[in-house]
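*Asks:* Dropping a structure here in structure tokens format, bear with me for questions.
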Amino acid sequence: MEHLKQLSRNTVSDEVQAQLQLLDTSQCYISVILIGILLQYGALDFQREQLLSSVFCPDAPVPGQGEPEAMRLVASLLVLSSLLGFQNQSETLNAQARAAGRQPDCVEPFLGGIIILIALVRFVRLLQAANQSGATLAAEEAILEDEDL
17 MEHLKQLSRN TVSDEVQAQL QLLDTSQCYI SVILIGILLQ YGALDFQREQ
67 LLSSVFCPDA PVPGQGEPEA MRLVASLLVL SSLLGFQNQS ETLNAQARAA
117 GRQPDCVEPF LGGIIILIAL VRFVRLLQAA NQSGATLAAE EAILEDEDL
């Protein structure tokens, strides 16, 4: 497949090469989104392990308390970065359409903006939850230190 890509780039017009580049970039963004989904899946799996550990081994220390939150934050950032990339593509295509005298697609960038806004709100909520759980964890550690004294 890679050989075909290289061969096609050497024998096609600049316009087709630009379209191929757009498709390659889109595939890259989708790959990043898939990595984000896998991180989300991993965070859920980690939480499942924590829950089962707390039920069946209540006296054992809970491993990696903040790890699911960190995984979700990274996943959210990955998805958000890809969404911003897609939005940039959409705006670029609209600018090219305007320059060519064609009617640009106004709906796609608008919908993309709404999706980005939702992703930003979700990221901020995850960040707030991580900060609250971090503060709670720090308070619990301080209480444990006081008990040791």
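Okay, so the sequence shown: first residue is 17 according to the working numbering, each after it adds one.
By construction, the Cβ of each residue, glycine as well, lies at the ideal position given by its N, Cα and C atoms.
These numbers were taken from a predicted model, which means no experiment stands behind them.
If I measure Cβ to Cβ from Phe72 and keep anything under 7 Å in the same chain, skipping five residues before and after, which residues do I get?
*Replies:* What you label residue 72 is simply residue 56 of the sequence shown in a count that begins at 1. For Phe72, where only same-chain residues beyond five positions count, there are no Cβ hits under 7 Å.
*Asks:* With a 10 Å radius around its C-beta and 16 neighbouring C-beta atoms as the bar for buried, classify Ser98 as buried or exposed.
*Replies:* Counted from its first residue, the sequence shown places residue 98 at position 82. So Ser98 ends up on the buried side.
*Asks:* Whole angstroms is fine: what's the gap from Arg141's alpha carbon to Gln148's?
*Replies:* The count along the sequence shown starts at 1 and reaches residue 141 at position 125. The count along the sequence shown starts at 1 and reaches residue 148 at position 132. Roughly 10 Å separates the two Cα atoms.
*Asks:* Between Ser70, Val95, Leu60, Gln112, which has its C-alpha nearest Arg138's C-alpha?
*Replies:* Your numbering for residue 138 matches position 122 in the sequence shown. Of the candidates Ser70, Val95, Leu60, Gln112, the one whose C-alpha sits nearest the C-alpha of Arg138 is Val95.
*Asks:* If you draw a straight line from the C-alpha of Gly128 to the C-alpha of Pro74, how long is it?
*Replies:* Here the question's residue 128 lines up with position 112 in the sequence shown. Here the question's residue 74 lines up with position 58 in the sequence shown. Between Gly128 and Pro74, the C-alpha separation is close to 46 Å.
*Asks:* Assign Ser47 to buried or exposed, taking buried as 16 or more other Cβ atoms, counted over all protein chains shown, within 10 Å of its Cβ.
*Replies:* Counted from its first residue, the sequence shown places residue 47 at position 31. Flag for Ser47 reads exposed.
*Asks:* Consult DSSP for Ala115 and reduce its assignment to one of helix, strand or coil.
*Replies:* On the sequence shown, residue 115 is found 99 positions in, with the first residue counted as 1. Correct three-state label for Ala115: helix.
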